[in-house]
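Comments concern the structure below.
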Amino acid sequence: MSQVHLSLTKCGYNEQAESDGYGPVKGTLSSYRIGMIWLAANLVVTTLLTGTLFVPGVAWHIALSLIIIGTVIGASVLVLVGNMGTRTGLSTMGLTKGAFGLRGAYATSMANVIILMGWSWVQAILAGVTVNFLSAQLFGFSNPVLFSVLCQLLVVGLAIFGHAGIARVEPWLAFVILAIIAYVFFIAFSNFSLAQFEALPINASLGWNEVGVLDVVIATAISWTVLSAEFNRLAKTQKAGVLGSGIGYVISTVLSMSLGATLMGYLTLQGNAVNGFDPIEIVNAFGIPLAMAIFLSVIATNTMVVYGMVSSVINLTPNKKWSFMKVALVIGAISVAGSSWLAMLDKFTEFLTLIGALFVPVFAIMIADYYWLKKASYHQDILLGKGGRYWYQKGVNLLAVLTWLGGFLFSLWLVNIPNNMFGVTLPTFIFSFVVYIASMKSKARLVGERVAH
Numbered sequence: 142m143s144q145v146h147l148s149l150t151k152c153g154y155n156e157q158a159e160s161d162g163y164g165p166v167k168g169t170l171s172s173y174r175i176g177m178i179w180l181a182a183n184l185v186v187t188t189l190l191t192g193t194l195f196v197p198g199v200a201w202h203i204a205l206s207l208i209i210i211g212t213v214i215g216a217s218v219l220v221l222v223g224n225m226g227t228r229t230g231l232s233t234m235g236l237t238k239g240a241f242g243l244r245g246a247y248a249t250s251m252a253n254v255i256i257l258m259g260w261s262w263v264q265a266i267l268a269g270v271t272v273n274f275l276s277a278q279l280f281g282f283s284n285p286v287l288f289s290v291l292c293q294l295l296v297v298g299l300a301i302f303g304h305a306g307i308a309r310v311e312p313w314l315a316f317v318i319l320a321i322i323a324y325v326f327f328i329a330f331s332n333f334s335l336a337q338f339e340a341l342p343i344n345a346s347l348g349w350n351e352v353g354v355l356d357v358v359i360a361t362a363i364s365w366t367v368l369s370a371e372f373n374r375l376a377k378t379q380k381a382g383v384l385g386s387g388i389g390y391v392i393s394t395v396l397s398m399s400l401g402a403t404l405m406g407y408l409t410l411q412g413n414a415v416n417g418f419d420p421i422e423i424v425n426a427f428g429i430p431l432a433m434a435i436f437l438s439v440i441a442t443n444t445m446v447v448y449g450m451v452s453s454v455i456n457l458t459p460n461k462k463w464s465f466m467k468v469a470l471v472i473g474a475i476s477v478a479g480s481s482w483l484a485m486l487d488k489f490t491e492f493l494t495l496i497g498a499l500f501v502p503v504f505a506i507m508i509a510d511y512y513w514l515k516k517a518s519y520h521q522d523i524l525l526g527k528g529g530r531y532w533y534q535k536g537v538n539l540l541a542v543l544t545w546l547g548g549f550l551f552s553l554w555l556v557n558i559p560n561n562m563f564g565v566t567l568p569t570f571i572f573s574f575v576v577y578i579a580s581m582k583s584k585a586r587l588v589g590e591r592v593a594h
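Quick note on my numbering: the sequence shown kicks off at 142 and runs consecutively.
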């Protein structure tokens, strides 16, 4: 156990797991419950639609293989950061204080809120557009903005109940979504054989290759890692958190992306010219069951996203006690207002690039700092608002911030290299990991030499 857990126990920390305020949470959930939370969260329309981008840009069976490989690689980062949450009871952004400093973590937290807000808008809009399509077909009423706002209002209502409410609702949503996914797979393979899917001609003009597909799949896991400690800190044990999140994330991502790739293959085999990342085309082909899956997946996922934003704000500082309810209402109001911005969908690929550029370096730094430099233990000083061992230089670890900036710029540089054979996500992670460890060790040696003299 980490020093944070030990010191909290000595101080008579309240073990009630229902606390959604500042500081650590003592987890009570089993691996099954954690797994179901992650399963429901990533059986989501954005992950499904990401899978639609790959086929027929690459062969269907190759896309499925890359989805599995990339998901397992990406899940390793998610699980490592999530385990930090289980060990300390702290949220993802609360943990960034260890590497970035008590004040340096303000920057990562604000970036996290902005990114999660964007995710909530994209997903609410996708749900709203889908429900609007059904409404127009069945009742002749069309108002996509209204339906997007209504979907997000429902999400905010669920998020207000905090992580206890999420833990109760997510498993049921997961079961329903899984049943619908099974139905869609059944329809696809009842009409076309496995050999026909494998024989789909590749459309090179779409601009996809194996490296690009693998990179996007890994980046998807990075986008989810911003919430990994938030929910893995609810796990009763490290084993429960690691197994639950690892298995739940891998299964949900592989199923969702594979479903997307299979849907595109199915529509292509039918002779339809379909653009990737378009929910209307696939809902038109599979009807109400798939529309229900999209709607429920957004409710499940956006509830976690809104909760994650609230948690990031609450855990900024212990000096100001934030009310979970008040913060949830403010964040919720902004998320509802933004869900009416339908043009956000046109910026989705740029948004994914921004997520990777911002947070791949952050998680590389966090993992390097906690597991390598701090020997998997953070002191209770991480709970302070000022002073202590994580104060660094006026509350900021400049080396972490500079490494973050360097990793961000390195990522953007890689994105703009034509025919990049190495991708962006893994090189950026390795670059940031190595640079941070090297710079911190160099600083430690310099300090040691000064003390010796």
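Glycine included, C-beta positions come from ideal geometry on N, C-alpha and C.
Margin query: Please report the straight-line C-alpha distance between residue 448 and residue 337, rounded to a whole angstrom.
Written below: For the purposes of this step, residue 448 is taken as residue 307 along the sequence shown, with counting starting at 1. For the purposes of this step, residue 337 is taken as residue 196 along the sequence shown, with counting starting at 1. Linking residue 448 to residue 337 through their CA atoms gives a straight-line distance of about 43 Å.
Notebook entry, point to check: Roughly how many angstroms separate the alpha carbons of residue 245 and residue 557, rounded to a whole number?
Noted result: Position 104 of the sequence shown, counting from 1, holds the residue named residue 245. Position 416 of the sequence shown, counting from 1, holds the residue named residue 557. So the alpha carbons of these two residues sit roughly 29 Å apart.
Notebook entry, point to check: Where are the alpha helix (DSSP H) runs, 4 residues long or more, that stay fully inside the region 329–373, in chain order?
Noted result: As far as the region 329–373 is concerned, its whole alpha helix (DSSP H) runs of at least 4 residues are 335–339, 351–366, 369–373.
Margin query: Quick check: residue 328 and residue 434, are their CB atoms within less than 7 Å of each other?
Written below: Here residue 328 refers to the residue found at position 187 of the sequence shown. Here residue 434 refers to the residue found at position 293 of the sequence shown. Between residue 328 and residue 434, the C-beta spacing is not below 7 Å.
Notebook entry, point to check: When the distance is taken between beta carbons, is residue 292 closer than 7 Å to residue 265?
Noted result: For the purposes of this step, residue 265 is taken as residue 124 along the sequence shown, with counting starting at 1. For the purposes of this step, residue 292 is taken as residue 151 along the sequence shown, with counting starting at 1. For residue 265 and residue 292, yes; Cβs fall inside 7 Å.
Next item on the list: Report yes or no: do the region 351–370 and the region 211–227 share at least 3 C-beta pairs separated by less than 8 Å?
Entry: Counting Cβ pairs under 8 Å, three or more are found: they touch.
Checklist line | Residue ranges of each alpha helix (DSSP H) within the region 426–473, 4 or longer | finding: Listed in chain order, the complete alpha helix (DSSP H) runs (minimum 4 residues) inside the region 426–473 are 429–455.
Notebook entry, point to check: Where residue 418 and residue 280 are concerned, what is the direct C-alpha to C-alpha distance, given to the nearest angstrom?
Noted result: Numbered from 1 along the sequence shown, position 277 holds the residue referred to as residue 418. Numbered from 1 along the sequence shown, position 139 holds the residue referred to as residue 280. In a straight line, the C-alpha of residue 418 is about 25 Å away from that of residue 280.
Checklist line | Beta-carbon contacts of residue 513 that lie in its chain and below 7 Å, excluding the five residues immediately before and after | finding: Locating residue 513 in the sequence shown gives position 372, counting from the first residue. In the same chain as residue 513, and ignoring 5 residues on each side of it, the C-beta atoms closer than 7 Å to its own belong to 578, in chain order.
Check: Exposed or buried, residue 396, counting other C-beta atoms within 10 Å across all chains shown (16 or more means buried)?
Finding: Here residue 396 is taken as the residue at index 255 of the sequence shown, counted from 1. Counting Cβ neighbours within 10 Å, residue 396 comes out buried, since at least 16 surround it.
Check: For residue 515, which residues of its own chain have a beta-carbon under 7 Å away from its beta-carbon, when the five flanking residues on both sides are left out?
Finding: Against the sequence shown, residue 515 aligns to sequence position 374. Correct list, in chain order: 239.
Checklist line | DSSP state of residue 264 mapped onto helix, strand, coil | finding: Along the sequence shown, one-based indexing puts residue 264 at 123. Of the three classes helix, strand and coil, the one that applies to residue 264 here is helix, per DSSP.
Next item on the list: Specify, as a first and last residue, the run of the alpha helix (DSSP H) that residue 379 falls within.
Entry: Position 238 of the sequence shown, counted from the start, is the residue given in the question as residue 379. Judged by DSSP secondary structure, residue 379 falls within the alpha helix (DSSP H) whose first and last residues are 379–410.
Next item on the list: Closer than 7 Å by C-beta to residue 209: which residues in its own chain qualify, once you throw out the five before and the five after it? Chain order, please.
Entry: By one-based count along the sequence shown, residue 209 stands at place 68. Within the same chain, 395 come within 7 Å of residue 209 by CB-CB distance, once the 5 residues on both sides are set aside.
Notebook entry, point to check: For residue 401 versus residue 189, is the C-beta distance shorter than 7 Å?
Noted result: Here residue 401 refers to the residue found at position 260 when the sequence shown is read from its first residue. Here residue 189 refers to the residue found at position 48 when the sequence shown is read from its first residue. In contact: residue 401 and residue 189 (Cβ atoms closer than 7 Å).
Check: On the three-state DSSP scale, how would you describe residue 593?
Finding: Working through the sequence shown from its first residue, we reach residue 593 at position 452. In this predicted model, residue 593 has a pLDDT of only 43, less than 50, meaning its place in the structure is not dependable; the value taken from the coordinates is given anyway. Correct three-state label for residue 593: helix.
Check: Taking buried to mean at least 16 other C-beta atoms within 10 Å of its own C-beta, is residue 594 buried or exposed?
Finding: For the purposes of this step, residue 594 is taken as residue 453 along the sequence shown, with counting starting at 1. Low confidence applies to residue 594: its pLDDT is 37, below 50, so where it sits in the model is not reliable enough to give any reading.
Next item on the list: Could you round the C-beta distance between residue 541 and residue 241 to whole angstroms and report it? I think they count as a contact, below 8 Å.
Entry: As a working note, residue 541 is residue 400 in the sequence shown. As a working note, residue 241 is residue 100 in the sequence shown. In this structure residue 541 touches residue 241 by the C-beta definition: roughly 5 Å separates them, less than 8 Å.
Next item on the list: Output the boundary residues of the alpha helix (DSSP H) element that contains residue 293.
Entry: For the purposes of this step, residue 293 is taken as the residue at position 152 of the sequence shown. That run of the alpha helix (DSSP H) goes 285–300.
Margin query: Which residue marks the beginning of the alpha helix (DSSP H) containing residue 172, and which one marks its end?
Written below: Counted from its first residue, the sequence shown places residue 172 at position 31. Where residue 172 is concerned, the enclosing alpha helix (DSSP H) stretches over 172–183.
Check: Below 7 Å between beta carbons: does that hold for residue 339 and residue 233?
Finding: Within the sequence shown, residue 339 is the residue found at index 198, counting from 1. Within the sequence shown, residue 233 is the residue found at index 92, counting from 1. Between residue 339 and residue 233, the gap from beta carbon to beta carbon reaches 7 Å or more.
Note to self: If I measure Cβ to Cβ from residue 151 and keep anything under 8 Å in the same chain, skipping five residues before and after, which residues do I get?
What the structure shows: Counting from 1 along the sequence shown, the entry for residue 151 is found at position 10. Here the model assigns residue 151 a pLDDT of 36, short of 50, so the residue's position is not dependable, and the following value carries that caveat. Excluding sequence positions up to five before and after residue 151, its CB lies less than 8 Å from no other CB in the same chain.
Checklist line | At least 3 beta-carbon pairs within less than 8 Å: the region 463–482 vs the region 543–553 | finding: With the cut-off at 8 Å, the region 463–482 and the region 543–553 do not touch.
Next item on the list: Please name the residue, chosen from 172, 572, 168, that lies closest to residue 387 on a Cα-to-Cα basis.
Entry: Locating residue 387 in the sequence shown gives position 246, counting from the first residue. Checking every option, the nearest Cα to that of residue 387 belongs to 172.
Next item on the list: Put residue 159 into one of helix, strand or coil per three-state DSSP.
Entry: Locating residue 159 in the sequence shown gives position 18, where the first residue counts as 1. Low confidence applies to residue 159: its pLDDT is 40, below 50, so where it sits in the model is not reliable, and the reading given next is rough at best. Three-state result, residue 159: coil.
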